Amino acid sequence: MDISVVIGVDTETDIGSFTPFYNGVEKGTPLLMDLFEKKGIPATFFMVAEAAQKFPELTREIKQRGFEVGCHTIHHETIGDPLFEIPLVKPVLPEEIPHRLEVATAMIAEVIGEAPQSFRAPRLWGSTIMVNTLEKLGYLADATYPLYYYQERVTPYYPSAKDWTQEGNLSILEIPNFADLTIESHDQYGRDRDQWPLFRTEGAESLMKHVNSMIAYCADRNLPAVFCLYIHPWEFIEMPSRLSYGEATVEPLQFIIKNCGPRALTELSKVIDAFKDKGAHFYSAAGLAHQWRESVKES
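Okay, so the sequence shown: first residue is 1 according to UniProt numbering, each after it adds one.
The structure is reproduced here in structure tokens:
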């Protein structure tokens, strides 16, 4: 069976939305590059533009070592439709979205010498305005679609200009993020179907059970199995259980930081090996977009 894998590294502030720090970007990104290089696989580092500007040499190193540098907004702001409440997180106004995407794209292009070709929205919260803007900016791929929530698009698709969650005639490829649709969800948003961060909290073997379920799910429907994963550099260094800075103390839920550090890197290595044992092909997000376009032409 044809199995494709895209590993997207959301290169952002530590613990996602809850800190302004970039320790993970600075220390975790090199660990991931070394691992991917050792395994001989491509990957896409979706950079927050602020991080690209703060760490220009590291950002250029990502490109120089053969990995893709994508875009992940300016500051990890919410530019899509919120799917559930997160403390202190509010979306930007719809009319702000095009300008922010233009600025983020330009900031990254200034560092790497060319415009990024792939995008992922923070928290996998996308929108039709966002996708239409990415199309106008010349992006090839958007790896935002949260399969756990919408549960419709199992394989990559070309979205509609009227509704980004539906198929249409845009040229940008929308890549769904892996979720296990075979399990019964006990969360009103379906978040327990999402793959993240099982590789770290439960281990590679646990994650691969869900992979196997979705391979069978796709086979039953005569669909190619495409697994788009998302991880973060901060997961691969130790993260504190609580942080006090400014005027508040942040204490994330335990699963957010469980097993961050060396164990996470070990388990990710096992996941890559398990996919390789299945004969999977690894792509960057833009690489999958090129391959998908060619497969459409052939069919």
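All residues carry an ideal CB built from backbone N, CA and C; glycine is no exception.
Values in this document were obtained by computation on a predicted structure and should not be read as measured data.
Helix, strand or coil for residue i, going by three-state DSSP, please let me know.
i                 : result
glycine 225       : Looking at the sequence shown, residue 225 is not glycine but alanine. Three-state DSSP puts alanine 225 in a strand.
alanine 179       : strand
tyrosine 217      : helix
valine 5          : strand
aspartate 194     : strand
isoleucine 86     : coil
glutamate 298     : helix
arginine 65       : coil
isoleucine 15     : coil
methionine 239    : coil
phenylalanine 199 : helix
arginine 153      : coil
asparagine 259    : coil
tryptophan 125    : coil
Can you tell me the Cβ-Cβ gap for residue i and residue j, rounded? I've got them flagged as a contact below 8 angstroms.
i              : j              : result
serine 185     : isoleucine 86  : Actually they do not touch by this definition, with Cβ atoms about 19 angstroms apart.
isoleucine 112 : threonine 59   : 6 angstroms
isoleucine 172 : valine 131     : 7 angstroms
threonine 13   : valine 48      : 7 angstroms
tyrosine 283   : proline 94     : So it is not a contact: roughly 32 angstroms between Cβ atoms.
isoleucine 272 : lysine 39      : 5 angstroms
alanine 274    : methionine 208 : 5 angstroms
leucine 229    : isoleucine 7   : 5 angstroms
threonine 155  : leucine 223    : 5 angstroms
tyrosine 145   : proline 116    : Rounded, the Cβ-Cβ distance is 18 angstroms, inconsistent with contact.
leucine 88     : leucine 137    : Contact flag wrong, Cβ pair sits at about 29 angstroms.
aspartate 163  : threonine 128  : 6 angstroms
List the endpoints of the continuous alpha helix (DSSP H) containing residue i.
i              : result
tyrosine 150   : 147-150
serine 269     : 262-277
residue 323    : Nothing can be reported for residue 323: it is not among the residues displayed for the chain, which extend from 1 to 299.
proline 98     : 97-112
asparagine 132 : 128-136
glutamine 188  : From DSSP, glutamine 188 is part of no alpha helix (DSSP H); its letter is neither H nor E.
Kindly identify the DSSP beta-bridge partner or partners of residue i.
i                : result
phenylalanine 46 : Asp10, Gly70
proline 91       : Thr78
tyrosine 230     : Gly8
alanine 141      : Ser118, Leu173
glutamate 167    : Pro159
tyrosine 245     : Ala248
Name the two residues that bound the continuous beta strand (DSSP E) containing residue i.
i           : result
residue 300 : Absent from the model: residue 300. The displayed extent of the chain is 1 to 299, so no value can be given.
alanine 281 : Checking the displayed sequence, the identity of residue 281 turns out to be histidine instead of alanine. Run containing histidine 281: 281-283, per the beta strand (DSSP E) assignment.
Report the rounded CA-to-CA distance for residue i versus residue j, giving the unit in angstroms.
i                : j              : result
glutamate 267    : glycine 203    : 6 angstroms
isoleucine 62    : leucine 140    : 19 angstroms
alanine 161      : isoleucine 97  : 15 angstroms
phenylalanine 84 : valine 25      : 26 angstroms
alanine 143      : arginine 293   : 16 angstroms
valine 103       : arginine 123   : 20 angstroms
glycine 66       : aspartate 187  : 39 angstroms
tryptophan 125   : asparagine 169 : 21 angstroms
alanine 219      : leucine 181    : 13 angstroms
alanine 280      : isoleucine 3   : 5 angstroms
aspartate 10     : proline 233    : 7 angstroms
glutamate 77     : glutamate 251  : 20 angstroms
leucine 135      : threonine 44   : Checking the displayed sequence, the identity of residue 135 turns out to be glutamate instead of leucine. Going by the C-alpha atoms only, they are around 19 angstroms apart.
asparagine 259   : proline 197    : 10 angstroms
aspartate 81     : proline 159    : 16 angstroms
lysine 276       : lysine 270     : 10 angstroms
glutamate 37     : tyrosine 149   : 33 angstroms
glutamine 291    : alanine 248    : 47 angstroms
residue 316      : glutamate 152  : The structure shown has nothing for residue 316, since the chain only spans 1 to 299.
alanine 52       : valine 69      : 9 angstroms
threonine 73     : leucine 288    : 21 angstroms
glutamate 174    : glutamate 235  : 25 angstroms
phenylalanine 21 : alanine 286    : 28 angstroms
glutamine 64     : proline 56     : 12 angstroms
leucine 216      : histidine 210  : According to the sequence displayed, residue 216 carries alanine and not leucine. C-alpha separation (whole angstroms): 10 angstroms.
tyrosine 157     : arginine 120   : 15 angstroms
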